Amino acid sequence: MNDTTLHAPQLSRRSLLKVGLMGTALLGTAGLTATLSGCSASTPTNGYLILRSSDLPFLRALIPVMLEGAVSAEQMPQAINGTLKSLDTSLAHLSPEMLKLTVQLFDVLALPITRGPLTGVWGSWDKASGDDVRQFLKRWQNSSLSLLRMGHASLLQLVMMAWYSRQEAWAHCGYPGPPTV
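Heads up, the sequence shown stops at 802 in the working numbering, and the numbers go up one at a time, no gaps.
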């Protein structure tokens, strides 16, 4: 009788189940904590349709890192504010289910109990350096957990679409603007 089972020394069914259960427990705890603490309250901050005050420190740390090379240092504050407005408008047009998932992602990134272990940024986002944010992005991009890789892709797409929907971004990429009659 021949043994035809495949052996993968790094990944067994048991370790895959453990990782899945730990991830589910961690995200479930984060969601429950956010709900009970009021962090995930859907009250937008002043001037925004969707974005909450708990979302802004993370996004203000993330956007400059993602726009490096496309925006000069002098123009960065204006670019951050414009990108936040565009992102807010985009979020307001998401389906309710996609918006719920995006808000959950922002909650996980805002809560200290989940931020540290998942991102490697143990302090507040206000104090995170550009290198801290780059390491976080690299960590999620190369993670063995598909949930973190999906989170990375979502953040990348959300911010890049918000930035490149703005007219001031068009010159950098050579886009002359939409066709006009």
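Where a beta carbon is used, it is the ideal one built from N, C-alpha and C, also for glycine. As the structure is a computational prediction, the values presented were derived from the model and not from experiment.
Exercise for the section: Taking Leu779 as the reference, give the member of Thr664, Ser693, Phe727 and Asn667 with the closest Cα. Expected result: As a first step, residue 779 must be located in the sequence shown, where it is residue number 158. Leu779 has its Cα closest to that of Phe727, out of Thr664, Ser693, Phe727 and Asn667.
Exercise for the section: Pull up the DSSP beta-bridge partners for Val692, would you. Expected result: The residue given as residue 692 occupies position 71 in the sequence shown. Looking at the DSSP assignment, Val692 forms a beta bridge with Glu689.
Handout entry: Pick from Leu677, Pro685, Ile671 and Val692 that is closest to Gln788, judged by C-alpha positions
Key = Reading the sequence shown from its first residue, position 167 is the one you call residue 788. Checked all of Leu677, Pro685, Ile671 and Val692; the closest Cα to Gln788 is Val692.
Handout entry: Beta-carbon spacing of Leu708, Ala790 below 8 Å
Key = As a first step, residue 708 must be located in the sequence shown, where it is residue number 87. As a first step, residue 790 must be located in the sequence shown, where it is residue number 169. No, these two residues do not count as a Cβ contact at 8 Å.
Practice task
Decide if the stretch 754 to 762 is in contact with the stretch 722 to 741; the criterion is three or more beta carbon pairs, one per stretch, under 8 Å apart.
Solution key: yes
Handout entry: Straight-line Cα distance separating Thr710 from Gly751
Key = In the sequence shown, counting from the first residue as 1, residue 751 sits at position 130. In the sequence shown, counting from the first residue as 1, residue 710 sits at position 89. Note on geometry: alpha-carbon atoms of Gly751 and Thr710 lie some 26 Å from one another.
Handout entry: For Met781 and Met687, believed in contact at Cβ under 8 Å, the rounded distance
Key = Here residue 687 corresponds to residue number 66 of the sequence shown, with the count starting at 1. Here residue 781 corresponds to residue number 160 of the sequence shown, with the count starting at 1. Right, their Cβ atoms sit about 7 Å apart.
Problem - Leu730 versus Trp746 - alpha carbon distance - result: Working through the sequence shown from its first residue, we reach residue 730 at position 109. Working through the sequence shown from its first residue, we reach residue 746 at position 125. If I take the Cα positions, the gap works out to 9 Å.
Exercise for the section: Alpha carbon to alpha carbon, how far is Arg634 from Lys706? Give it in angstroms, no decimals. Expected result: Residue numbering aside, residue 706 sits at position 85 when the sequence shown is read from its first letter. Residue numbering aside, residue 634 sits at position 13 when the sequence shown is read from its first letter. Roughly 45 Å between the two C-alpha positions.
Practice task
Specify the secondary structure class of Arg635 as computed by DSSP and reduced to three states.
Solution key: Against the sequence shown, residue 635 aligns to sequence position 14. Residue state, collapsed to three classes: helix.
Problem - Cβ distance (whole Å) where Ala713 is taken to contact Leu670 below 8 Å - result: One-based indexing of the sequence shown puts residue 713 at position 92. One-based indexing of the sequence shown puts residue 670 at position 49. Going by Cβ atoms, the distance from Ala713 to Leu670 rounds to 4 Å, so yes, they are a contact pair.
Exercise for the section: Measure the alpha-carbon distance for Trp761 versus Phe679 and round it to whole angstroms. Expected result: Along the sequence shown, one-based indexing puts residue 761 at 140. Along the sequence shown, one-based indexing puts residue 679 at 58. If you take the alpha carbons of Trp761 and Phe679, they lie about 15 Å apart.
Exercise for the section: With DSSP collapsed to three states, give me the class of Trp784. Expected result: As a position in the sequence shown, residue 784 is number 163, starting the count at 1. Here Trp784 carries a helix assignment [DSSP, helix/strand/coil].
Handout entry: Burial state of Ser765, where buried means 16 or more other Cβ atoms lie within 10 Å
Key = Locating residue 765 in the sequence shown gives position 144, counting from the first residue. Counting Cβ neighbours within 10 Å, Ser765 comes out exposed, since fewer than 16 surround it.
Exercise for the section: Compute the distance between the beta-carbons of Thr666 and Leu672, then report whether it is under 8 Å. Expected result: For the purposes of this step, residue 666 is identified with residue 45 of the sequence shown, where counting begins at 1. For the purposes of this step, residue 672 is identified with residue 51 of the sequence shown, where counting begins at 1. Going by beta carbons, Thr666 and Leu672 fall inside the 8 Å limit.
Exercise for the section: Rounded to whole angstroms, what's the CA-CA distance from Leu777 to Leu677? Just pull it up for me. Expected result: Mapped onto the sequence shown, residue 777 falls at position 156. Mapped onto the sequence shown, residue 677 falls at position 56. Using only the alpha carbons, I get a separation of about 16 Å.
Practice task
Would you tell me roughly how many angstroms separate the C-alpha atoms of Pro800 and His793, rounded to the nearest one?
Solution key: Locating residue 800 in the sequence shown gives position 179, where the first residue counts as 1. Locating residue 793 in the sequence shown gives position 172, where the first residue counts as 1. Distance between the alpha carbons of Pro800 and His793 is about 18 Å.
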